[in-house]
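> Going by the UniProt record's numbering, the letters in the sequence shown line up with residues 1 to 430, in that order.
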Amino acid sequence: MSNVLDGTLEISQKLLTSETLPTLILGGGFTGLFTALHLSRQHYTTPTILIDREWSFIFKPLLYEVLSGEMNMQFISHRYDSLLHKSGITFIRDEVQSIDLQQRQVRLASGLHYTYSNLVLSLGGVVGYCGVKGAKEYTLPFSTIEDAIALGKQLRDCLQRATQSEELQQKKTLLTFAILGAGRTGVELTATLADLLPDWYDSLGGEISDIRVVIIQRGKKILKGDRDRLRQTAEVALQKRSVIIEVMLETAVIEVRQNIIVIKRNDLVEEITAATIIWTTGIATNPLIDALSIPEGGRDPHGRLKLTNTLELLDFPEVFAGGDCAVMEHPLPLTAQVAYQQGAAIAHNLQALSEGHSPIDAEIEMRRTLMKLGLNESVAELFDRYEVQGHLGHLIRQAAYIELLPTLARNFKGTLEWISDELFQRCSGV
Ligand SMILES: Cc1cc2nc3c(=O)[nH]c(=O)nc-3n(C[C@H](O)[C@H](O)[C@H](O)COP(=O)(O)OP(=O)(O)OC[C@H]3O[C@@H](n4cnc5c(N)ncnc54)[C@H](O)[C@@H]3O)c2cc1C
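1. Taking 7 Å as the cut-off, is the CB of Arg-53 close to at least one heavy atom of ligand 1?
2. Are the region 108 to 124 and the region 75 to 86 touching by the rule of at least three beta carbon pairs closer than 8 Å?
3. Would you verify that the beta carbon of Leu-112 is, or is not, closer than 8 Å to some beta carbon of chain B?
4. What separation, rounded to the nearest whole angstrom, lies between the Cα atoms of Arg-161 and Thr-173?
5. Given the structure, does Lys-224 come close to ligand 1, in the sense that its CB is under 7 Å from one of the ligand's heavy atoms?
6. For the alpha helix (DSSP H) that Glu-318 lies in, which residues bound it at each end?
7. Got a sec? Which residues, its chain only, sit under 7 Å from Leu-292 by beta carbon, not counting five neighbours each side?
8. Check this for me: beta carbons of Val-243 and Ile-211, under 8 Å apart or not?
9. With a threshold of 16 other CB atoms inside 10 Å of the CB of Pro-359, please say whether the residue is buried or exposed.
10. Note down the Cα distance separating Asp-147 from Gly-128, rounded to an integer number of angstroms.
11. Hey, Ile-51 and Ile-89: beta-carbon distance below 8 Å or not?
12. According to DSSP, which residues form a beta bridge with Ala-284?
13. Write down the C-beta distance between Leu-193 and Val-213 rounded to the nearest angstrom, noting that I regard them as a contact closer than 8 Å.
14. Per DSSP, which one or two residues make a beta bridge with Glu-381?
15. Starting from the Cα of Glu-381, find the closest Cα among His-394, His-357 and Leu-375 and give me that residue.
16. Put Tyr-114 into one of helix, strand or coil per three-state DSSP.
17. Pick out whichever of Ala-352, Leu-37, Thr-308 and Thr-285 has its Cα sitting closest to the Cα of Pro-301.
18. For Gln-154, which residues from the same chain have a beta carbon less than 7 Å from its beta carbon, with the 5 sequence-adjacent residues on both sides left out?
19. According to DSSP, which residues form a beta bridge with Ile-277?
20. From which residue to which residue does the beta strand (DSSP E) around Leu-21 run?
21. What's the C-alpha gap between Asn-349 and Val-319?
22. Kindly list the residues whose CB is nearer than 6 Å to the CB of Asn-411, restricted to its own chain and excluding five residues on each side of it in sequence; keep chain order.
23. Quick one: Cα of Gly-29 to Cα of Arg-385, how far?
24. For Leu-238, write down the residues that DSSP places opposite it in a beta bridge.
25. Could you tell me the boundaries of the beta strand (DSSP E) in which Ile-99 lies?
26. At a threshold of 7 Å, does Gly-393 count as lining ligand 1 (C-beta to nearest heavy atom)?
27. I think residue 499 touches Ile-261, with their Cβ atoms under 8 Å apart; what is that distance to the nearest whole Å?
28. Determine the DSSP secondary structure at Gln-226, reduced to helix, strand or coil.
29. On the criterion of 16 or more Cβ atoms from any shown chain inside 10 Å, does Arg-227 qualify as buried, or is it exposed?
30. Considering only DSSP beta bridges, list what Glu-329 is partnered with.
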């Protein structure tokens, strides 16, 4: 049975009496959870504690399904105590408050504090608002399960109020849904909303042609940084949704006020009124990572921690990091598939160190891309060569996520096999 603590509960006697300082893993997302799971599989003998402020691991690539209700929550949210059952890893649910790299100490909100032998920093990032005035106050983020639930409520509320609104401008505002940012999250969310909203509004007796969905992007293209073929597929998919999507390119959002987006395009400043404004662009550094005292040159321009190829911090070889809070010599996209592989590599190197061996360079492969492009429609890029679109793409995404997700809930060994073999490696199996 894994040790599960809530900070306020008693710490296991094993940990208190152990002479060996523990390995601490801060953050149980894709990097931290999979570091822990791999350590367990390797029979790592150093006491290991995973700390996260939430009780459950959230499978973020499926947040759209939380919103649409296409999938039951039990497949998307997985309690750490269940995932770490019999793993030998201690889970503590608590908020990390401070990290002292020099003293090797971590303090938690509950008052607990630890001195560590090795540390894994896997705290992810936070929503970044790129200095846009009013963005934090007047837009909805889409990055956590709470965000997805709050957005769902907001959408239903707007649609319901619109059915009873007799004032034309008010109705128009309620029925305008703006997505700021046309990266992967923005595009996937826009495509989902453009199918979902008409469905919901129709069931309320509303006129679906009154719905306006707008996606705004500062640059010239959607999906900046992705392959042209993927972009073209996404563009076609956006055009085919149940309501018309207005894609505004080369449009800068300069301010957001209540129900108003101030944009600049072609040197003209305009205002768009929308009751729902969703922010999907920008990841900022976690404040705990920002607060770390590390020598100059230890961060990239975004504040992320620079790593050696072995995933250690430049000046603190006992500290490993991965995922959205860190950057390797050759920067990689901030994705779950990178974070997950870094977790495996960190576990390998912690094991090597504990056995007196040198850590080895992490080899991270970009494997496949799965993108949701509407209800029951996705694109699956396999081996960088094949692209499967539409309903078949959706079935592949479902096969990868849904069919195999129950395994994730069942046991941690299954979790590892599911993620490593099915989702990210064994592309030929689909
Ligand atoms: C809507 C959405 C869709 C996505 N879709 C995809 C996709 O299809 N494919 C893909 O590869 N990637 C996708 N991503 C990106 C992917 O989810 C991230 O890159 C990945 O989760 C990063 O992993 P991580 O371990 O660095 O951080 P995270 O997974 O964010 O985990 C960080 C953990 O740290 C914990 N934490 C943070 N601060 C504290 C604190 N002070 N105290 C205690 N705990 C703390 C958090 O609770 C969290 O559990 C998506 C992201 C979003 C938001």
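Ideal Cβ placement from N, Cα and C applies to all residues, glycine included. All figures in this text were calculated on a predicted structure; none of them were measured in a lab.
With the given structure in hand:
1. Taking the first residue of the sequence shown as 1, we reach residue 53 at position 53. At least one heavy atom of ligand 1 is nearer than 7 Å to the Cβ of Arg-53, so yes.
2. no
3. Looking at the structure shown, chain B is missing, and only one protein chain is on hand.
4. Residue mapping note: residue 161 aligns to position 161 of the sequence shown, counting from 1. Residue mapping note: residue 173 aligns to position 173 of the sequence shown, counting from 1. Rounded to the nearest whole angstrom, the C-alpha separation of Arg-161 and Thr-173 is 11 Å.
5. Taking the first residue of the sequence shown as position 1, residue 224 is located at position 224. No, the beta carbon of Lys-224 sits no closer than 7 Å to any heavy atom of ligand 1.
6. Sequence index remark: in the sequence shown, residue 318 carries index 318 (1-based). Element bounds for Glu-318: not the alpha helix (DSSP H) but the beta strand (DSSP E), 316 to 321.
7. Counting from one through the sequence shown, the residue named residue 292 turns up at place 292. Excluding sequence neighbours, Leu-292 sits near Ile-99 and Leu-101.
8. On the sequence shown, residue 243 is found 243 positions in, with the first residue counted as 1. On the sequence shown, residue 211 is found 211 positions in, with the first residue counted as 1. A contact, by the Cβ cut-off of 8 Å.
9. To locate residue 359, count along the sequence shown from 1; it is residue 359. It counts as buried.
10. Position 147 of the sequence shown, counted from the first residue, corresponds to residue 147. Position 128 of the sequence shown, counted from the first residue, corresponds to residue 128. Roughly 15 Å between the two C-alpha positions.
11. Counting from 1 along the sequence shown, the entry for residue 51 is found at position 51. Counting from 1 along the sequence shown, the entry for residue 89 is found at position 89. Going by C-beta atoms, Ile-51 is not nearer than 8 Å to Ile-89.
12. Residue mapping note: residue 284 aligns to position 284 of the sequence shown, counting from 1. Beta-bridge pairing links Ala-284 to Val-126.
13. Locating residue 193 in the sequence shown gives position 193, counting from the first residue. Locating residue 213 in the sequence shown gives position 213, counting from the first residue. The Cβ separation is near 6 Å, so the contact holds.
14. The residue given as residue 381 occupies position 381 in the sequence shown. Paired residue(s): Thr-369 and Glu-387.
15. Here residue 381 is taken as the residue at index 381 of the sequence shown, counted from 1. For the options His-394, His-357 and Leu-375, the alpha carbon positioned closest to that of Glu-381 is the one of His-394.
16. Sequence index remark: in the sequence shown, residue 114 carries index 114 (1-based). Three-state DSSP puts Tyr-114 in a strand.
17. By 1-based counting over the sequence shown, the position of residue 301 is 301. Closest option to Pro-301, Cα to Cα, is Thr-285.
18. By 1-based counting over the sequence shown, the position of residue 154 is 154. Counting only Cβ-Cβ distances below 7 Å, and skipping sequence neighbours, we find Leu-140 and Thr-276.
19. In the sequence shown, residue 277 corresponds to position 277, counting from 1. In DSSP, Ile-277 forms a bridge with Ala-178.
20. As a position in the sequence shown, residue 21 is number 21, starting the count at 1. No beta strand (DSSP E) holds Leu-21; DSSP gives it neither H nor E.
21. In the sequence shown, residue 349 corresponds to position 349, counting from 1. In the sequence shown, residue 319 corresponds to position 319, counting from 1. About 11 Å.
22. As a working note, residue 411 is residue 411 in the sequence shown. Legend: pLDDT at Asn-411 = 48, less than 50; position of this residue unreliable, no value from coordinates given.
23. Counting from one through the sequence shown, the residue named residue 29 turns up at place 29. Counting from one through the sequence shown, the residue named residue 385 turns up at place 385. Using only the alpha carbons, I get a separation of about 29 Å.
24. One-based indexing of the sequence shown puts residue 238 at position 238. None, per the DSSP bridge assignment.
25. Residue 99 sits at position 99 when you count from the first residue of the sequence shown. That run of the beta strand (DSSP E) goes 96 to 100.
26. Looking up residue 393 in the sequence shown gives position 393. Not under cutoff, so the answer is no.
27. Nothing about residue 499 can be reported from this structure: the residues present for the chain run from 1 to 430 only.
28. Locating residue 226 in the sequence shown gives position 226, where the first residue counts as 1. A small correction: the amino acid at residue 226 is Asp; Gln does not occupy that position in the sequence shown. Residue state, collapsed to three classes: coil.
29. Position 227 of the sequence shown, counted from the first residue, corresponds to residue 227. Residue environment for Arg-227: exposed (fewer than 16 other C-beta atoms within 10 angstroms of its C-beta).
30. Here residue 329 is taken as the residue at index 329 of the sequence shown, counted from 1. According to DSSP, which records beta bridges pairwise, Glu-329 is partnered with nothing at all.
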